[in-house]
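Take a look at the structure below.
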Amino acid sequence: MIHTPPRLSAAELEKLLAEFDRLFAEVCSAVPQPNSFDLIGTEKSPWKPLVNEKGAITLESQYVTPGREPDPLRDVRRTLLTLFDPETAGFGKFVKPLSHDCLDGWLPVSRVRFTTTRFPEAELLALVDDEDAVQVRTVCGGEPFFYRIPLPSSQDPAELLRMEPPVPARIPDGGSFDRALKTLKTHWQNKFAAVLDWDFPHPRLKNGILAALAKTFITQYDGALRYGATRYYCDEGRCAESFPPTVLTACEGAFFYGMEQDAFHFLGHFIGNFVSDGTICHRGNGASMSEHGMLLALFSQAKRQTADETFFREYGPAVRQVALRLCRLTEEAAPELVSGCPEDDLRNAPPRQWFSSNLWIARGLLEYARTFPGVIPEARAAAFADLTVRLCCESAVKCPDGEVFLPPCAEYRIPFNDMNDFIEAAPGDDIHSLASYTNYRIYPEMLSSGLLPPETARRIISFRRARGGDFHGATAFRIFRDFPPYARCLDDWPLYNMLSGLCIYGDHHEMIRLLAGHLALHQSRGTFFAPEMSFRDRLDSTACIPSQMTLPLAVRYLFNHISSITQTGRHT
Numbered sequence: 425m426i427h428t429p430p431r432l433s434a435a436e437l438e439k440l441l442a443e444f445d446r447l448f449a450e451v452c453s454a455v456p457q458p459n460s461f462d463l464i465g466t467e468k469s470p471w472k473p474l475v476n477e478k479g480a481i482t483l484e485s486q487y488v489t490p491g492r493e494p495d496p497l498r499d500v501r502r503t504l505l506t507l508f509d510p511e512t513a514g515f516g517k518f519v520k521p522l523s524h525d526c527l528d529g530w531l532p533v534s535r536v537r538f539t540t541t542r543f544p545e546a547e548l549l550a551l552v553d554d555e556d557a558v559q560v561r562t563v564c565g566g567e568p569f570f571y572r573i574p575l576p577s578s579q580d581p582a583e584l585l586r587m588e589p590p591v592p593a594r595i596p597d598g599g600s601f602d603r604a605l606k607t608l609k610t611h612w613q614n615k616f617a618a619v620l621d622w623d624f625p626h627p628r629l630k631n632g633i634l635a636a637l638a639k640t641f642i643t644q645y646d647g648a649l650r651y652g653a654t655r656y657y658c659d660e661g662r663c664a665e666s667f668p669p670t671v672l673t674a675c676e677g678a679f680f681y682g683m684e685q686d687a688f689h690f691l692g693h694f695i696g697n698f699v700s701d702g703t704i705c706h707r708g709n710g711a712s713m714s715e716h717g718m719l720l721a722l723f724s725q726a727k728r729q730t731a732d733e734t735f736f737r738e739y740g741p742a743v744r745q746v747a748l749r750l751c752r753l754t755e756e757a758a759p760e761l762v763s764g765c766p767e768d769d770l771r772n773a774p775p776r777q778w779f780s781s782n783l784w785i786a787r788g789l790l791e792y793a794r795t796f797p798g799v800i801p802e803a804r805a806a807a808f809a810d811l812t813v814r815l816c817c818e819s820a821v822k823c824p825d826g827e828v829f830l831p832p833c834a835e836y837r838i839p840f841n842d843m844n845d846f847i848e849a850a851p852g853d854d855i856h857s858l859a860s861y862t863n864y865r866i867y868p869e870m871l872s873s874g875l876l877p878p879e880t881a882r883r884i885i886s887f888r889r890a891r892g893g894d895f896h897g898a899t900a901f902r903i904f905r906d907f908p909p910y911a912r913c914l915d916d917w918p919l920y921n922m923l924s925g926l927c928i929y930g931d932h933h934e935m936i937r938l939l940a941g942h943l944a945l946h947q948s949r950g951t952f953f954a955p956e957m958s959f960r961d962r963l964d965s966t967a968c969i970p971s972q973m974t975l976p977l978a979v980r981y982l983f984n985h986i987s988s989i990t991q992t993g994r995h996t
């Protein structure tokens, strides 16, 4: 059965939010964050510039120089073009940051304050206007200056690397900036009207939700969401658009926060372009089996949420084939589980019977069978769910310290000593650690399926924490056997699954602890910018929609996984 989350009272919610404030302050005090990033842009702009704590505005993406060995640190975060640099604009050399936040707490207008050798306080405001130009207002020594820098139309990284940095055009007054700012404010206030009217009892987290939604919505081009606006923005082929968690998280959030039409648009684009013959097409076989089940669950949620049949007539046949294929795979695998890919990074590893994949296949089939009766037998979906849960529970291994280890797949039985140990995900694999991928994705998806018995879920939660699964709440992650910069990093982009599972099983205190760690260490504390992964001593710049959507989805889960903020009782 799908486990039903417990409902929090208003008093319980407010206590948890107070606990969040305490934990967030503790992590911020224990671990400094020396740098910061923000994204600016519009839903139509060809680029989404990155703004850092020094006031520099750049275009960044992954790029490997042809004929050269990839550099795993430099090449994934290459500065392709610097649009504005305060130092070259005459501000003096950067000395120290003062603050970095968003205008009004959430708008895609970046506000940076810093000290230079010329000015004890310089302030910069940056936005992208509806003519695809960066507009900058600076205040130094009490005097305002205005600049306008057109964005390049090309999305070819090699071409941008060959360009000379543009010379920002000085504008004599602030009329153009003020008009652009007014247009921008009107657009986002109209788009997020339902959220702005929502009486959520934590103003800062509400700003974080709005900022996350804005950053997510601008991470699109030509109507298609991209996984990230920096590293992955220029991914090969259409891989920036085809990674399933991008659309799964963005659409779940859009449905909940009152933007149904956007959710249907993004979901329709994804299904129409990347779902074929019952398969999600991403880097060959890079779409995980769990993502196929999640697509069924999201599509079923969408059907229950609207009376408009047009969308389902157009895209229903493609999703129907996904359901039929998954059902067929469960029948062919019996009496065992379905083997397949658990995660894009492991797409070339030998297929295994991953418990996360099979739990989400079962969850997706159950949701689909109940929402679209007559396509697949609900009894067949229920029987496969029972089989998966039974085999998962029977695989448990008791450890000498009393913890219970739940293996990530049916073929593996040796307990991890530490979630940061390097254990080959496949023979000869020196890049991907089975312990890390279990920690950051397999366990969270097992929990978010909602199918495990509560005792089994508690064992996963306890084992993960006891074995160093997080650093002050942010997910510990190791990649590469012998590459120290990535030996002890953080990777929270799939954390939304963990937070969902914790709420499903009623462990709201652990959920709040992890959310506080995420916001303190895996997002910019002032702008709410969220990278795919990060480091323990500094923030990374690899923007990522699933990571960005962590806070908006976490708040949804606190409200019992309901379908819309209008059902929270706090909508004015």
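Residue numbering for the sequence shown is 425 to 996, as defined by the numbering used here.
We treat Cβ as the ideally placed atom computed from N, Cα and C, and that holds for glycine.
Predicted model, so just to flag it, every value in this text is computed and none were measured.
* Asked: With a Cβ-Cβ cutoff of 7 Å, do F570 and F601 count as a contact?
  -> yes
* Asked: Name the DSSP beta bridge partners of P568, please?
  -> V563
* To do: May I ask you to report which of helix, strand or coil DSSP gives V699?
  => strand
* Exposed unless 16 or more other CB atoms sit within 10 angstroms - verdict on A449 -> exposed
* With distances taken from CA atoms, which of A850, M973, H985, E934 is nearest E443? -> E934
* Local conformation of T996 per DSSP, three classes -> Residue confidence for T996 is low, a pLDDT of 43 falling below 50, so the modelled location carries little weight and cannot support an answer.
* Asked: Among G514, L549, V558, H524, which one has its Cα closest to the Cα of T540?
  -> G514
* Asked: How many Å lie between A653 and K639 at the Cα?
  -> 9 Å
* **Check whether G892 and M843 have beta carbons under 7 Å apart** => yes
* Asked: Under the three-state reduction of DSSP, which class applies to L504: helix, strand or coil?
  -> strand
* Asked: What did DSSP end up calling G682 once you bin it into helix, strand or coil?
  -> coil
* Asked: CB-CB under 7 Å to T673, same chain, minus the five flanking residues each way: which ones, in chain order?
  -> Y920, I969, P970, M973, L977
* Bridge partners - Y645, DSSP secondary structure assignment -> A648
* Option in F846, D845, C823 with minimal Cα separation from R837 -> C823
* **Whole-angstrom distance between A480 and A593, CA atom to CA atom** => 16 Å
* Please classify F1002: is it buried, with 16 or more other beta-carbons within 10 angstroms of its beta-carbon, or exposed? => Since the first and last residues shown for the chain are 425 and 996, residue 1002 lies out of range.
* Assign A435 to buried or exposed, taking buried as 16 or more other Cβ atoms, counted over all protein chains shown, within 10 Å of its Cβ. => exposed
* Alpha carbon of C564 to alpha carbon of V475, nearest angstrom -> 18 Å
* Provide the residue(s) that pair with R594 in DSSP beta bridges, ordered along the chain. => Y571
* Starting from C526, trace the beta strand (DSSP E) both ways and give me its first and last residue. => 518 to 526
* To do: Starting from the C-beta of D853, find all residues in its chain whose C-beta is less than 8 Å away, skip the five residues before and the five after it, and write them out in chain order.
  => A773
* beta strand (DSSP E) containing T880: first to last residue? -> Element bounds for T880: not the beta strand (DSSP E) but the alpha helix (DSSP H), 878 to 890.
* To do: Alpha carbon to alpha carbon, how far is F736 from R586? Give it in angstroms, no decimals.
  => 46 Å
* Residue span of the alpha helix (DSSP H) that contains R744, given as start and end -> 734 to 757
* Asked: What are the residues that DSSP puts in a beta bridge with P473?
  -> Answer is none; P473 lacks a bridge partner.
* So, using beta-carbon positions, are V558 and L605 closer together than 7 Å? -> no
* Asked: Looking at C-alpha atoms only, which residue of A807, M870, F840, L875 is the closest neighbour of P766?
  -> M870
* Enclosing beta strand (DSSP E) for V552 [first to last residue] -> 546 to 552
* Compute the beta-carbon to beta-carbon distance between R502 and E477, rounded to the nearest angstrom, for a pair I have assumed lies under 8 Å. => The Cβ separation is near 19 Å, so there is no contact.
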